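What follows is a short report on a single structure.
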Amino acid sequence: MSTSMSTSTKTITVRYFAMFRERAGVDQETISADVATAEDVFRLTRDRHGSKEPTGHCKVAINDEMADWSATVRDGDTVLLFPPVAGG
Amino acid sequence: MITITPEAIDTGSLRESLVDPGAGGYAAFEGWVRNENEGHAVLRLEYEVYEPLAIAEGERILAEARERYPHLKACCVHRSGLLEIGECAVWVGVAAPHRDEAFRACRYIIDELKVRLPIWKKEHYASGDSGWVNCERCKAHGEREAASHARPAVTAT
Chain E
47 MSTSMSTSTK TITVRYFAMF RERAGVDQET ISADVATAED VFRLTRDRHG
97 SKEPTGHCKV AINDEMADWS ATVRDGDTVL LFPPVAGG
Chain A
7 MITITPEAID TGSLRESLVD PGAGGYAAFE GWVRNENEGH AVLRLEYEVY
57 EPLAIAEGER ILAEARERYP HLKACCVHRS GLLEIGECAV WVGVAAPHRD
107 EAFRACRYII DELKVRLPIW KKEHYASGDS GWVNCERCKA HGEREAASHA
157 RPAVTAT
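Each protein sequence line maps, in turn, to chains E and A. Start counting the first sequence at 47; every next residue gets the next number (our numbering). Start counting the second sequence at 7; every next residue gets the next number (our numbering).
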């Protein structure tokens, strides 16, 4: 299997929370796409489900670790997309 | 430590857990469910929590507070699920040698929790509608507060 970070097709599990889950209609889904970063995954799913939030208001985690939007995603990763948080 | 619970928060026993002979000051914050937000009558709130990361990030915030304010004892609890008006949604308590660190540390912890934990709040309105709170004002406020916490206190009494 290719180990290229930028152009190979990767299989990624995407998990949605709160507003994102309601918009997607599912808790999670598996995508296969040419994605290099967490932001690529966000943009792809945002287009698919009609979200409009910019990354700056949202957060992302990869395999249960908070991550930057520029973080590299690897084949088999789970990407968690968090809409703007509102604890307290 | 930080706990996420669907049960009512027992603030009395939490306070007891912080009692320490070296502590001269205790401060606590309770966040309550309010019946109104931005002109909308609110009936109840629903909190969704992604617990694995809420716990991990919460512990990180408590560790940061202890680093900034030495000899601090601190803990917090956040509710999940459906809450009625008047219920305590979040509790933060700290015990420190002096009141200045206690106030500051308590404020630091609640401000960071609000902007960093993967927790979402859905308001259920009297109109029958509901909506997720995006909390953009909280984020801006949190950023301002983070700046004001940049330097630890240099005076204590």
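All residues carry an ideal CB built from backbone N, CA and C; glycine is no exception. What you are looking at is a predicted structure, and each value in this text was computed from that prediction instead of being measured.
What residues in its chain sit with their C-beta under 6 Å from that of S78 (chain E), if we drop five residues either side in the sequence?
Taking the first residue of the first sequence as 1, we reach residue 78 (chain E) at position 32. By the criterion of a C-beta distance shorter than 6 Å, S78 (chain E) is surrounded in its chain by T55, T57, once the five residues flanking it on both sides are discounted.
For P129 (chain E), which of A:Y56, A:A62, A:T11 has the nearest alpha-carbon?
Mapped onto the first sequence, residue 129 (chain E) falls at position 83. Comparing Cα positions, the closest option is A:Y56.
Check each candidate in A:I125, A:S136, A:I115 and name the one with the smallest Cα separation from L68 (chain A).
Here residue 68 (chain A) is taken as the residue at index 62 of the second sequence, counted from 1. Closest by alpha carbon: A:I115.
Buried or exposed for A111 (chain A), please, with buried defined as at least 16 other CB atoms from any protein chain shown within 10 angstroms of its CB.
Taking the first residue of the second sequence as position 1, residue 111 (chain A) is located at position 105. Classification for A111 (chain A): buried.
Could you work out which residue in A:A102, A:E90, A:V83 is closest to E73 (chain A) when comparing CA atoms only?
Position 67 of the second sequence, counted from the first residue, corresponds to residue 73 (chain A). Comparing Cα positions, the closest option is A:A102.
Based on the DSSP output, what are the partners of G87 (chain A) in its beta bridges?
Mapped onto the second sequence, residue 87 (chain A) falls at position 81. Answer is A:Y53.
Does any residue of chain A bring its CB to less than 8 Å from the CB of A113 (chain E)?
By one-based count along the first sequence, residue 113 (chain E) stands at place 67. Not a single CB atom of chain A sits nearer than 8 Å to the CB of A113 (chain E).
C-alpha distance - E107 (chain A) paired with D114 (chain E), whole-angstrom precision:
Numbered from 1 along the second sequence, position 101 holds the residue referred to as residue 107 (chain A). Numbered from 1 along the first sequence, position 68 holds the residue referred to as residue 114 (chain E). Rounded to whole angstroms, E107 (chain A) to D114 (chain E) spans 32 Å at the Cα level.
If distances are taken between C-alpha atoms only, which option among A:V83, A:K127, A:W126, A:N140 comes closest to E36 (chain A)?
Looking up residue 36 (chain A) in the second sequence gives position 30. A check of alpha carbon separations from E36 (chain A) across A:V83, A:K127, A:W126, A:N140 identifies A:V83 as the nearest.
S23 (chain A), enclosing alpha helix (DSSP H) - first and last residue:
As a first step, residue 23 (chain A) is located in the second sequence; it is residue number 17 there, counting from the start. Its alpha helix (DSSP H) spans residues 17–24.
Anything in chain E within Cβ reach of N41 (chain A), meaning under 8 Å, just list it in chain order.
If you number the second sequence from 1, residue 41 (chain A) lands on position 35. Going along chain E, no residue has its Cβ under 8 Å from N41 (chain A), so there is no contact; the nearest lies around 17 Å.
Y131 (chain A) - DSSP class collapsed to helix/strand/coil:
Taking the second sequence and counting its residues from 1, one reaches residue 131 (chain A) at position 125. Here DSSP, grouped into helix, strand and coil, assigns Y131 (chain A) to strand.
Any beta carbon from chain E within less than 8 Å of Y131 (chain A)'s own beta carbon?
Residue 131 (chain A) sits at position 125 when you count from the first residue of the second sequence. Cβ-Cβ to chain E under 8 Å: no for Y131 (chain A).
Mapping DSSP to helix, strand and coil, what is E75 (chain E)?
Position 29 of the first sequence, counted from the start, is the residue given in the question as residue 75 (chain E). Correct three-state label for E75 (chain E): strand.
How big is the Cα-Cα spacing for E44 (chain A) and G31 (chain A)?
Counting from one through the second sequence, the residue named residue 44 (chain A) turns up at place 38. Counting from one through the second sequence, the residue named residue 31 (chain A) turns up at place 25. Each residue's CA atom was taken as its position, placing E44 (chain A) and G31 (chain A) some 35 Å apart.
Same chain, Cβ closer than 6 Å to E63 (chain A), five either side skipped, listed in chain order
Locating residue 63 (chain A) in the second sequence gives position 57, counting from the first residue. Answer for E63 (chain A): R122, L123, listed in chain order.
What are the residues in the stretch 86–112 of chain A lying within 8 Å of chain E by C-beta distance?
Those would be A95, V96, in chain order.
Below 9 Å on C-beta distance, what does F63 (chain E) contact in chain A?
Taking the first residue of the first sequence as position 1, residue 63 (chain E) is located at position 17. Per Cβ cutoff of 9 Å: E54, Y56, P124, W126.
Where does W126 (chain A) land, buried or exposed, given buried means 16+ other C-beta within 10 angstroms?
In the second sequence, counting from the first residue as 1, residue 126 (chain A) sits at position 120. With 16 or more other Cβ atoms within 10 Å, it is buried.
From D117 (chain A) to E111 (chain E), what does the alpha carbon distance come to, in whole angstroms?
To locate residue 117 (chain A), count along the second sequence from 1; it is residue 111. To locate residue 111 (chain E), count along the first sequence from 1; it is residue 65. Distance between the alpha carbons of D117 (chain A) and E111 (chain E) is about 21 Å.
Element boundaries [beta strand (DSSP E), containing Y75 (chain A)]:
If you number the second sequence from 1, residue 75 (chain A) lands on position 69. According to the DSSP assignment, Y75 (chain A) belongs to no beta strand (DSSP E), since it is labelled neither H nor E.
Is T59 (chain E) helix, strand or coil when you go by DSSP?
Here the question's residue 59 (chain E) lines up with position 13 in the first sequence. When secondary structure is reduced to three states using DSSP, T59 (chain E) falls in the strand class.
What three-state label does DSSP hand D110 (chain E) in the structure shown?
In the first sequence, counting from the first residue as 1, residue 110 (chain E) sits at position 64. Of the three classes helix, strand and coil, the one that applies to D110 (chain E) here is coil, per DSSP.
If we count the other Cβ atoms within 10 Å of its Cβ and call it buried at 16 or more, is D121 (chain E) buried or exposed?
For this step, residue 121 (chain E) is matched to residue 75 along the first sequence. D121 (chain E) counts as exposed, since fewer than 16 other C-beta atoms from the protein chains shown sit within 10 angstroms of its C-beta.
Is the separation between the beta-carbon of K79 (chain A) and that of A33 (chain A) shorter than 8 Å?
Here residue 79 (chain A) refers to the residue found at position 73 of the second sequence. Here residue 33 (chain A) refers to the residue found at position 27 of the second sequence. Taking 8 Å as the Cβ cut-off, K79 (chain A) and A33 (chain A) do not qualify as a contacting pair.
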